[in-house]
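Visitor:
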Amino acid sequence: MNILKFIESFTDDNLINSTGSRRDSFAQFGNIGKNIALASIPFGLSALSNKAFAKDITATPATPIGALQFALTLEYLENEFYAMALDSGVIPASENGGRDLKVFQQIADHEADHVKFLIAGLGGTMSANFVPKPTFDFTVGGAFDPFNDYPTFLALAQAFEDTGVRAYKGQAANLITTPDLLTAALQIHSVEARHASEVRRLRGLKGWISNAERGAGMPAATQAVYDGEGVTIQAGFNTASAFGAAAGSEAYDEPLTTQQVVDIANIFIV
Amino acid sequence: MKNEVKIHEVDPAQNSRRSFLKLSGLTLVTTGLVLAGCSDNDNDNDMPDNSLPGIRNGVFDLGSGDFGVLTYAYALEQLEADFYTKVVNSSSFNTVFSSVEREVLTDLYHHEVVHRDFFKAALTGALPNPSTQLLPALAFNYGSLNFNSRTEVLATAKALEDTGVAAYNGAGKLIKTADYLLLAGKIVSVEARHAAAIRSLINPNSKDFAGDDIVNMSTGLDDAKDPSKILPIAANFITTKFTAQYLP
């Protein structure tokens, strides 16, 4: 079952009479998530899709080039998301002393830099290693409205940043043979973590992830971003023993596999 | 060619102290000694790439390779853990800091103590002979740093967290084992989350959480520094002598 088809059917059935309120949006997002999980979409088959089907991305190879291609696709997603948000005016300009707008302008600048940096790292747009930007739909078929509804935008921003941190971490081993690329990836990774911390704190959460909790106000469909974050055994050491499981799990961010991130990203790729 | 980092007694006005002052914006007066140096060493041939941590010429050396990097991280985590332990146990902690700040600083205290104890356990388990190869508990001296001053504590926290991020980012490429690299990766992003939170407490309505002073404005890359650049900063607070002769 293709995700676009799936969203279309969902939209027909459930969204016609939507009031579009924040709470409803979150509830709908949650339902989509559950149903997507149940549908267990075989992403790999999407390579056979025609125009009616979503152009899902597939897992990149476990190589340095694959890691950069994978990172570029994620940065495309973040870059377009923030650029569209800034264009849309959804981010309040005067609230919190202008904090929100300053924060997202800075994040947007960094994501744009990362796209340029990674394209250059892959040898430029004419390189055989270059991967083009997919087509994104941040409304997921109209199920929610990040560029008109600020809380939805914030929730997606948190999900994307926390995903980014886990995604880069999962690629580290693929870069172990290329020290310069590894260092650059680490330097992006920690910037994503700074972003994640700030977005989470803008939303009233801690800057770090407790257990495997997505946090208050986060749509249930974003739980895939947080599953597996609650680890409290690191190399045999029990990180929960001193101050409990929440503190122990907060002290370590966990990786996502390439496929796990691809599955998350494909929700937003059409 | 490798740099040699030597410990020696120095004048308090030494260069590396200034580099920390620049980072933290603080006025520190005196601690006993610092790590300094970074003189080029041409005798690479007698420097094995896999020197284990341990006493050399009467002083503990961090060693090289994966154990060297992990021991280096253990030293830095000892410093962070000690600093936040002092912060949260300060008699004025509840009056100097807001509730939000106390929550953040208490979390950082928890996380850094967990990191420190993790490295101790992991190294004890992995080193061939931990009784001589495990870095001992270090001693610290914060000089004139005023733990009753919100400004000074947050500025120091910011410097420590940013330094931690740059240290892990710079050390990643020295790690040869994927599992160790992943562990370092699990920790560095939490240090970066810390750094952003502290920066945001200091200057909330701003882009300082990932400010242009720390994230390169054209590449969007965070800082990454070699151990020889990090240790002189950490050594402003570390009074126990150790060397890092086999780390770049």
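If you read the protein sequences in the order shown, they are chains H and D.
Residue numbers for the first sequence follow the working numbering, so the first one is 1 and each next one is one higher.
Residue numbers for the second sequence follow the working numbering, so the first one is 271 and each next one is one higher.
Backbone N, C-alpha and C fix where the C-beta goes; we use that ideal spot for every residue, glycine too.
Small disclaimer: the values here were computed from a predicted structure and weren't measured.
#1: Give the straight-line distance between the Cα atoms of Ile250(H) and Asp227(H), rounded to the nearest whole angstrom.
#2: Just the C-alpha distance for Arg342(D) and Arg326(D), rounded to the nearest angstrom, thanks.
#3: Give me the residue from Thr178(H), Thr239(H) and Leu202(H) with the minimum Cα distance to Asn96(H).
#4: May I have a chain-ordered list of the beta strand (DSSP E) segments no shorter than 3 residues that lie completely inside the stretch 391 to 479 of chain D?
#5: Grouping DSSP H, G and I as helix and E and B as strand, with all else coil, what is Gly295(D)?
#6: How about Asn96(H): is its C-beta nearer than 9 angstroms to some C-beta of chain D?
#7: Output, in chain order, the set of chain H residues within a Cβ distance shorter than 7 angstroms of Asp483(D).
#8: Would Val90(H) and Phe268(H) be called neighbours here (beta carbons separated by less than 9 angstroms)?
#9: What do you reckon, are the CB atoms on His195(H) and Ala480(D) nearer than 9 angstroms?
#10: Quick one: residues in its chain with C-beta nearer than 6 angstroms to the C-beta of Ala427(D), no 5 flanking neighbours on either side, listed in chain order?
#11: Could you name the residues that DSSP lists as bridge partners for Val384(D)?
#12: Given that a residue counts as buried once 16 or more other Cβ atoms are within 10 Å of its Cβ, and exposed if not, what is Asn359(D)?
#13: Among Thr433(D), Tyr354(D), Ala437(D) and Gly395(D), which one has its Cα closest to the Cα of Arg420(D)?
#14: Going by beta-carbon coordinates alone, are Asn411(D) and Thr513(D) separated by less than 9 angstroms?
#15: Can you tell me which of the three DSSP states Gly324(D) falls into?
#16: Can you say whether Asn399(D) is buried or exposed, counting buried as having 16 or more other CB atoms within 10 angstroms of its CB?
#17: Assign Asn148(H) to one of three DSSP states: helix, strand, or coil.
#18: If I follow the unbroken alpha helix (DSSP H) through Asp180(H), where does it start and stop?
#19: Tell me which residues of the stretch 463 to 474 of chain D have at least one Cβ-Cβ distance to chain H shorter than 7 angstroms, keeping chain order.
#20: Is Asp331(D) helix, strand or coil by DSSP?
#21: Alpha carbon to alpha carbon, how far is Leu451(D) from Gln234(H)?
#22: Could you pull the DSSP bridge partners for Ile65(H) from this structure?
#23: List the DSSP bridge partners of Met237(H).
#24: Could you check what DSSP says for Ser309(D) in three-state terms: helix, strand or coil?
#25: How is Ile264(H) classed by DSSP in three states: helix, strand or coil?
#26: For Thr135(H) versus Lys443(D), is the C-beta distance shorter than 9 angstroms?
#27: Which bits of chain D does Pro255(H) rub up against, with CB to CB less than 9 angstroms?
#28: Under three-state DSSP, which class holds Phe160(H)?
#29: Is DSSP giving Phe512(D) helix, strand or coil here?
#30: Can you check whether the CB of Leu346(D) is closer than 9 angstroms to the CB of Ala454(D)?
#31: The alpha helix (DSSP H) that contains Arg99(H), what's its start and end?
#32: Is Ile269(H) helix, strand or coil by DSSP?
Guide: From the atom records:
#1: Note that residue 250(H) is Glu in the sequence shown here, rather than Ile. The C-alpha of Asp227(H) is placed about 13 angstroms away from the C-alpha of Glu250(H).
#2: According to the sequence shown, residue 342(D) is Tyr rather than Arg. Distance between the alpha carbons of Tyr342(D) and Arg326(D): 16 angstroms.
#3: Among Thr178(H), Thr239(H) and Leu202(H), the Cα nearest to that of Asn96(H) is on Leu202(H).
#4: For the stretch 391 to 479 of chain D, not a single whole beta strand (DSSP E) run of length 3 or above is found.
#5: A caution first: Gly295(D) carries a pLDDT of 36, below 50, which makes its placement in the model unreliable, though a value can still be read off. When DSSP states are grouped into helix, strand and coil, Gly295(D) belongs to the coil group.
#6: Closer than 9 angstroms to some Cβ of chain D, the Cβ of Asn96(H) qualifies, so yes.
#7: Neighbours of Asp483(D) in chain H, taken as residues at a C-beta separation under 7 angstroms, are lacking, since the least C-beta distance is about 12 angstroms.
#8: Going by C-beta atoms, Val90(H) is not nearer than 9 angstroms to Phe268(H).
#9: Yes, Cβ-Cβ distance for His195(H) and Ala480(D) is below 9 angstroms.
#10: Excluding sequence neighbours, Ala427(D) sits near Ile468.
#11: Residue pairing by DSSP places Val384(D) in no beta bridge whatsoever.
#12: Counting other Cβ atoms within 10 Å of its Cβ, Asn359(D) stays below 16 and is therefore classed as exposed.
#13: Looking at the Cα atoms, Tyr354(D) is the closest of the given residues.
#14: Cβ atoms of Asn411(D) and Thr513(D): not closer than 9 angstroms.
#15: Three-state DSSP puts Gly324(D) in a strand.
#16: Burial call: exposed.
#17: Three-state result, Asn148(H): coil.
#18: Pro179 to Leu202 is the extent of the alpha helix (DSSP H) around Asp180(H).
#19: Residues passing the 7 angstroms Cβ filter: Arg463, Ala465, Ala466, Ala467, Ser470 and Pro474.
#20: Reduced to three states, the DSSP call for Asp331(D) is strand.
#21: As the crow flies, the alpha-carbon of Leu451(D) is around 13 angstroms from that of Gln234(H).
#22: Partner(s): none; Ile65(H) has no beta bridge.
#23: Looking at the sequence shown, residue 237(H) is not Met but Phe. Note: Phe237(H) sits in a beta bridge opposite Gln234(H).
#24: Residue placement at Ser309(D) is flagged as unreliable, the pLDDT there being 37, under the threshold of 50; the coordinate-derived value follows with that caveat. In this structure, Ser309(D) counts as strand in the three-state DSSP scheme.
#25: In this structure, Ile264(H) counts as helix in the three-state DSSP scheme.
#26: Result no, Cβ atoms of Thr135(H) and Lys443(D) do not sit closer than 9 angstroms.
#27: Chain D residues near Pro255(H): Leu452, Gly455 and Lys456.
#28: If DSSP states are grouped into helix, strand and coil, Phe160(H) belongs with the helices.
#29: Of the three classes helix, strand and coil, the one that applies to Phe512(D) here is strand, per DSSP.
#30: No, these two residues do not count as a Cβ contact at 9 angstroms.
#31: Start and end: Arg99 to Gly121.
#32: In the structure shown, Ile269(H) sits in a strand (DSSP, three-state: E or B).
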